[in-house]
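Asks: This is the structure, below, for whatever I ask next.
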Amino acid sequence: MNFDDEDRLELQFLAGGNIVEHAPLFSPDGRFMFVRCQEKVQVYATRTGELTRVLDDATAPLISLELDIKQPDLLIGCTSKAEIFRWNWRAGVLKKTVSLKLPLGQTIILTCHLLNLYKGGDTACAFVTTRGKSGEQVNYFVVNTSTGDFIDINCGLKLKVRTPLVDVGKGQFKYIVMAQGFYIYFINYETWKFCRYKGALQNPITCVRMSPCELVAATADSVGMIYVWRDFETLETMTNTRLHWHHTEVTSLAFSASGVSIYSGGHECVLVKWTLARPDIRQFLPRMSSVIRHIVVSNDNESILVCTEDNAIQLVGGSDNNIKSTVQHFTYETNDKTGRSKFPMGLRLNPRTNTLVLNGRSGHLQFYSAYTRSMLYNLRVVNSNIYSEEANHIIYNTRITQAAFNINWMATGEVYNDLENFAEVCLKFWEYNEKLQSYNLNTEINLPHEHGFKAIIFSNQFQVDNLRCATAGEDNVIKMWGLTDSENIYKRGVMWSCLAQTSYRNLPIGSLCFSQDGSLLAVGYGNILALYDARNPRLPLQTLSCPPGLDGVVSKAQLRLAQSPLNGSRKELIQQRQQLWDLLKTLLNSNDEQLVKQAKDLIVGPPVKAQLVNQPEDATKETVFKYIMKMPELGLHQKLQLLRRFGVECSIPHVLRNRLLEHLQQRAVIPQATKLRLRKLDARLHRLHTRHRYKAKHRLSDLTKRRQHFEDLVPQDIMSLFSVLKLDENSQPKKDVKSKPKKNSKGKEIQPNSHPKVKNIPTKAAPLQGLAQISHVQFGAGDQAHLVAVCTESRVLIWNLLTLRLQAGLKLSVRQLAFDPLTNLMAVITKNDELHVFQPNVPLPLYQRSNLPKTYGLAWLPRRQPKQSSINVDWQAQSTLLMLTHSQEIAYLALPGQSPSDDAPAPITFAQPADTDIVYRNETFGLYVTKQQQVSSDFPEKSGPLIVGRGEHSSVNAFVNLSSHTMPAMSLICGEFVKSLLLQADSTLRHSAAAGDVAVTNGGVVSGNGVSHGDSDEEPEDAELEEVSKSTLETRKTLLEQKEKLEDLSPAAEIDQQTLDHRLKTITALRTKLRL
508 MNFDDEDRLE LQFLAGGNIV EHAPLFSPDG RFMFVRCQEK VQVYATRTGE LTRVLDDATA
568 PLISLELDIK QPDLLIGCTS KAEIFRWNWR AGVLKKTVSL KLPLGQTIIL TCHLLNLYKG
628 GDTACAFVTT RGKSGEQVNY FVVNTSTGDF IDINCGLKLK VRTPLVDVGK GQFKYIVMAQ
688 GFYIYFINYE TWKFCRYKGA LQNPITCVRM SPCELVAATA DSVGMIYVWR DFETLETMTN
748 TRLHWHHTEV TSLAFSASGV SIYSGGHECV LVKWTLARPD IRQFLPRMSS VIRHIVVSND
808 NESILVCTED NAIQLVGGSD NNIKSTVQHF TYETNDKTGR SKFPMGLRLN PRTNTLVLNG
868 RSGHLQFYSA YTRSMLYNLR VVNSNIYSEE ANHIIYNTRI TQAAFNINWM ATGEVYNDLE
928 NFAEVCLKFW EYNEKLQSYN LNTEINLPHE HGFKAIIFSN QFQVDNLRCA TAGEDNVIKM
988 WGLTDSENIY KRGVMWSCLA QTSYRNLPIG SLCFSQDGSL LAVGYGNILA LYDARNPRLP
1048 LQTLSCPPGL DGVVSKAQLR LAQSPLNGSR KELIQQRQQL WDLLKTLLNS NDEQLVKQAK
1108 DLIVGPPVKA QLVNQPEDAT KETVFKYIMK MPELGLHQKL QLLRRFGVEC SIPHVLRNRL
1168 LEHLQQRAVI PQATKLRLRK LDARLHRLHT RHRYKAKHRL SDLTKRRQHF EDLVPQDIMS
1228 LFSVLKLDEN SQPKKDVKSK PKKNSKGKEI QPNSHPKVKN IPTKAAPLQG LAQISHVQFG
1288 AGDQAHLVAV CTESRVLIWN LLTLRLQAGL KLSVRQLAFD PLTNLMAVIT KNDELHVFQP
1348 NVPLPLYQRS NLPKTYGLAW LPRRQPKQSS INVDWQAQST LLMLTHSQEI AYLALPGQSP
1408 SDDAPAPITF AQPADTDIVY RNETFGLYVT KQQQVSSDFP EKSGPLIVGR GEHSSVNAFV
1468 NLSSHTMPAM SLICGEFVKS LLLQADSTLR HSAAAGDVAV TNGGVVSGNG VSHGDSDEEP
1528 EDAELEEVSK STLETRKTLL EQKEKLEDLS PAAEIDQQTL DHRLKTITAL RTKLRL
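For the sequence shown, the working numbering assigns the number 508 to the initial residue and increments by one for each residue that follows.
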């Protein structure tokens, strides 16, 4: 089945994205701000931070976004594909799209800035810098944004190779300031005259800015210096002032609208305000959330946007320097030069509220609701200071590497490792507090494992009784944790303590998983799957491992011969196959040592004994070379042997010849220092404790064996490479010596062998077989709970625990795995960025997709309203698969126009009163509605218009006391809340008069059409008056009887306050009718 041809799902993005990669933009009045995020333009309200509009017409990432100077309602953006988009941002309409007519070869657009220059167009011209290829010189052009044509300018400036930093003055002084390296260029874009300056200390310039109302520019460099340039038209009049407070590079500069002050920010996470007239007077806004990336000031100086590197935009007041609002997308750690992943724990699901949990800023976890598409909160887990970056230094902070979630508990693993000192490891257990609606730290364990965590997992996600937590560390030890009574005399309660620990042959731990009922623990040790009793994990109950070759690591050869002749097959091929099969059977059934030796020499023998096969033509040698080099199961030496047999010679470039020769010489010489070091370590083992001596002795013996194997392989493998690659002069063939050629028995001359004789490989030095390494272990659920999926480097193996046999296998190189317990679906991402979805009992793919973006993790999100369809028809009917990509976005697969938030349940209607107890039992205001219906059932059925009361205390309290992050969406509960406030008015009298039914509302008599009787202008006749008087007497009698019945009722114990209030209202209404 070809999934690519029938796939109708599209990769869509739910949330995330980098909103601080480019500087935002203010609207002219400062009420809105425009944020670039890849191909989209997001419009936010400045005061509230609410997203008001999204402009998503661009087809490529936007590299610039500006407002037209004369038409402030026009938003002009330029993409990396040289396209100009013009939006009317107030209406959200794309007005026009223009393609720039770039010169031939200029394919990369670096920057684009609008100029206060109009030449034959209704919009401003733009200053564009381009480059043809990487490493070429940068060129610049002036283009007409209305037509896309280039405008000829006469400027003799030639730029260098680096990407320039550009800013444009659009006020009275029309200048362009550019920087490349430590050179600064000032260009007058009216006369196109320029001047060039060089930094005094020749430090690279990091940002440039032009004053909006003066002939002043500012530049900042990589050592924290800020230079203010004045009167830079000529060298004689130019002056500059140096400002210095930052100790690392300055990342952003911004002038105020009046040009009196300037703002700066850097890696210190401090916003600094400088007064240009008094540089010694500075104002600071410290403790920003992360490194400051961009600073933007509004036209009225009332608002300042500060973009921090944790993907947040903060609005700061211009007068009081207080943070007023924040636009926050996914947060993540800054680029700290360590090269570590920003999301080490991947993507997790909190079973309490079905929210997504992932790493946030340094030392934090962020909780995101995919249903409402909102960031709920950031939880600080690491209780330590965050170190700021320093120049030419790598700073390490404590990172949250693992986390596990239960409906009432959360476990986190923290690691601080600076690669110099012993790693600091901490395990924390957090309990959810209903009153505070947050997590409280319950237990903290220091150094539970050495060097870090491999995995943390709870025995059950939804149960609290008999809960267990298993942790696996880099020290190849598994520890089981459980709840016990607290030993603290000042705080009674429960705490987590270690119940047991275990390991298996000191093998590395790849993954671990609990069964659905929490009774079994499966652990992957190397290539062995071990099963433990979760209550007593001292010794494994069973260990499973598949034969070599089935796990996909050890290479094997398969020879398939047809038992019967195929149609159209040639007879000579059938004879050759039969001869080959007879030869193989003879080899397998024979005990002849010489025959076995010849076969061994043929397989692993030196190249001197191998005979050349029929050499291919020169045209096909390149194809043979590429095919052989792509074979991953062969080593370099085996590939070179195979190439020599085909007559393909290998040559080394002259530049790499000496480096490769030096490398091989170092590997060929066995260092004596290593042998001495091993002897010293062996002599020091007696100093260790007896508990650790055996483990150290075992490790040392394994190391000695590996070194011995290496020393045995050196003479054969490495020394032969000198001759194969023709690196050693001694390996060159000797010159022909004038001697009599030798002849064989047939009288033909024997050509002398040009290669030196190489020794045979000894039997004990044969390469060891590789072992598979288990990376993921996952139990099934429900009727498939007896199946366990195990992932190795190139296989997915399904074990059946009832038969203890291997049930199925898939040829997949799994990098990430996610399991959905509702549908037993497993989703895996391979190393080739392919998605495969299958069930463990039938490992046939339900869905496949290739060319996915790089991901950090996967998670299944249960639907709030599952679809009534089979998983064979819609594999996302019960849950939606979410992916966290490397671009910090959450992506999902869906039909065009669908999203995970579209499955909101339909409004609840109460059409059948008999089933209300069942319907309301689990609803938000179900208790109140049930009580109300029980009270109303004691009285006869009444009809009349609905009246809105002042609200009952029970429903209001139920609404107010709900936790904010667990409350459903307002669109789902507003209707139910309003219905709970509605009461039916009492109208027991059905008169036969023409007035129809009479209802009492607020003490007045109202007719059916809503008109009061007292407002009628017609006088009743005499006959009608008599009928009215008779009906009045009957009404008074009926009302008195009902009143006496209500007063005689004794308040029972089971009647609550609500019922009494209802009686009181009824009696009051009856008294009002009696008075009338």
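In this text, a Cβ means the ideal position worked out from N, Cα and C, and glycines have one as well.
With DSSP collapsed to three states, give me the class of Thr1130.
Replies: Of the three classes helix, strand and coil, the one that applies to Thr1130 here is helix, per DSSP.
Asks: My understanding is that Gly959 touches Val922, with C-beta atoms under 8 Å, so please give their C-beta distance in whole angstroms.
Replies: Indeed they touch by this definition, with Cβ atoms about 5 Å apart.
Asks: Counting C-beta neighbours from all protein chains within 10 Å, is the total for Glu1561 16 or more, i.e. buried, or is it exposed?
Replies: Caution is warranted here: a pLDDT of 44 is assigned to Glu1561, below 50, making its placement in the model unreliable, and no coordinate value can be reported.
Asks: Enumerate in chain order the residues of its own chain whose CB-to-CB distance from Leu1141 is below 8 Å, with the five nearest sequence positions on each side excluded.
Replies: The residues are Ile1135 and Leu1149.
Asks: Using the Cα positions of Phe850 and Asn1043, report the straight-line distance between them to the nearest angstrom.
Replies: For Phe850 and Asn1043, the distance between alpha carbons rounds to 34 Å.
Asks: Nearest CA to the CA of Gly846: which residue from Gly870, Leu1091, Ile902 and His836?
Replies: Measuring from the Cα of Gly846, the nearest candidate turns out to be Ile902.
Asks: Which residues does DSSP pair with Ala764 in a beta bridge?
Replies: Partner(s): none; Ala764 has no beta bridge.
Asks: Could you pull the DSSP bridge partners for Cys632 from this structure?
Replies: Answer is Asn651, bridged to Cys632.
Asks: Using 8 Å as the Cβ pair cut-off and three pairs as the minimum, do the segment 552-562 and the segment 572-580 touch?
Replies: Too few Cβ pairs lie closer than 8 Å, so no.
Asks: Considering only the beta carbon of each residue, do Asn1331 and Pro1350 sit closer than 8 Å?
Replies: Cβ distance not < 8 Å, so Asn1331 and Pro1350 don't count as in contact.
Asks: Taking the straight line between their C-alpha atoms, what separation do you get for Ala727 and Ser771?
Replies: Cα to Cα, the separation comes out at about 9 Å.
Asks: Pull up the distance between the alpha-carbon of Leu1319 and that of Glu896, whole angstroms please.
Replies: Their Cα atoms are separated by approximately 41 Å.
Asks: In or out: Lys1242 buried (at least 16 other Cβ within 10 Å) or exposed?
Replies: Caution applies to Lys1242, whose pLDDT of 43 falls short of 50 and renders its modelled position unreliable; the value that the coordinates give is listed next. It is exposed - the Cβ of Lys1242 has fewer than 16 other Cβ atoms within 10 Å.
Asks: Looking only at its chain, what residues have a beta carbon closer than 6 Å to the beta carbon of Asp972, apart from the 5 residues adjacent to it on each side?
Replies: Excluding residues within five positions, none has a Cβ falling inside 6 Å.
Asks: In its own chain, which residues sit with a C-beta less than 7 Å from the C-beta of Pro711, not counting the 5 before and 5 after it?
Replies: So the qualifying residues of the chain are Gly688, Phe689, Asp728 and Ser729.
Asks: With a CB to CB cut of under 6 Å and the five nearest residues on each side skipped, what residues in its chain are close to Ile963?
Replies: Counting only Cβ-Cβ distances below 6 Å, and skipping sequence neighbours, we find Gln909, Ala911, Ala918, Gly920 and Thr978.
Asks: Please report the residue range of the beta strand (DSSP E) in which Lys780 lies.
Replies: From DSSP, the beta strand (DSSP E) with Lys780 extends over Leu778 to Thr782.
Asks: CA-CA distance, Asp1327 and Trp1367?
Replies: C-alpha separation (whole angstroms): 6 Å.
Asks: Report the residue from Ala1401, Ala1384, Gly1316 and Arg638 whose alpha carbon sits nearest the alpha carbon of Arg1356.
Replies: Comparing Cα-Cα distances from Arg1356 to each of Ala1401, Ala1384, Gly1316 and Arg638, the minimum goes to Ala1401.
Asks: Compute the distance between the beta-carbons of Val888 and Lys935, then report whether it is under 8 Å.
Replies: The answer is yes: Cβ separation under 8 Å.
Asks: Flag this pair as yes or no: are the beta carbons of Thr841 and Val798 separated by less than 8 Å?
Replies: For Thr841 and Val798, yes; Cβs fall inside 8 Å.
Asks: Pull up the CB-CB distance for Asn661 and Trp699, whole angstroms please, since I reckon it's below 8 Å.
Replies: Confirmed, about 6 Å.
Asks: Alpha carbon to alpha carbon, how far is Lys831 from Ile820? Give it in angstroms, no decimals.
Replies: About 11 Å.
Asks: With Phe791 and Val779 assumed to form a contact (beta carbons below 8 Å), what rounded beta-carbon distance in angstroms separates them?
Replies: At roughly 6 Å, the Cβ-Cβ gap stays under 8 Å, so Phe791 and Val779 are in contact.
Asks: How about Thr618 and Thr636: do their beta carbons lie closer than 8 Å?
Replies: The answer is yes: Cβ separation under 8 Å.
Asks: Using beta-carbon positions only, say whether Lys547 and Asp563 come within less than 8 Å of one another.
Replies: Yes; because the gap between Cβ atoms is below 8 Å, this pair is in contact.
Asks: Within 8 Å, do at least three Cβ pairs link the segment 981-998 to the segment 945-957?
Replies: They touch, by the three-pair rule.
Asks: According to DSSP, Ser1018 sits in a beta bridge with which residue or residues?
Replies: Partner(s): Gly1031.
Asks: Quick one: what's got a C-beta closer than 7 Å to Pro1651's C-beta in the same chain, skipping five residues either side?
Replies: As displayed, the chain neither begins before 508 nor continues past 1583, which places residue 1651 out of reach and without an answer.
Asks: Restricting to Cα atoms, I'd like to know which of Asn953, Leu1028, Lys998 and Pro1015 is closest to Cys976.
Replies: The candidate whose alpha carbon is nearest that of Cys976 is Leu1028.
Asks: Tell me, which residues are paired with Arg543 by DSSP?
Replies: Arg543 pairs with Val548.
Asks: Check this for me: beta carbons of Val673 and Ile683, under 8 Å apart or not?
Replies: The answer is yes: Cβ separation under 8 Å.
Asks: Once the 5 residues before and after Ser848 are set aside, which same chain residues still bring their CB inside 8 Å of it?
Replies: Result list for Ser848: Tyr1363, in chain order.
Asks: DSSP state of Gly584, grouped into three classes?
Replies: Strand, per DSSP.
Asks: Go through its chain and collect everything with a Cβ distance to Glu1396's Cβ below 6 Å, but skip five positions before and after it.
Replies: Cβ within range, chain order: Phe520, Gly523 and Gly524.
Asks: Let me know the beta strand (DSSP E) ranges lying completely inside the segment 874-904, each 3 residues or longer, listed in chain order.
Replies: If we require 3 residues or more, the beta strand (DSSP E) runs fully inside the segment 874-904 come out as 881-887.
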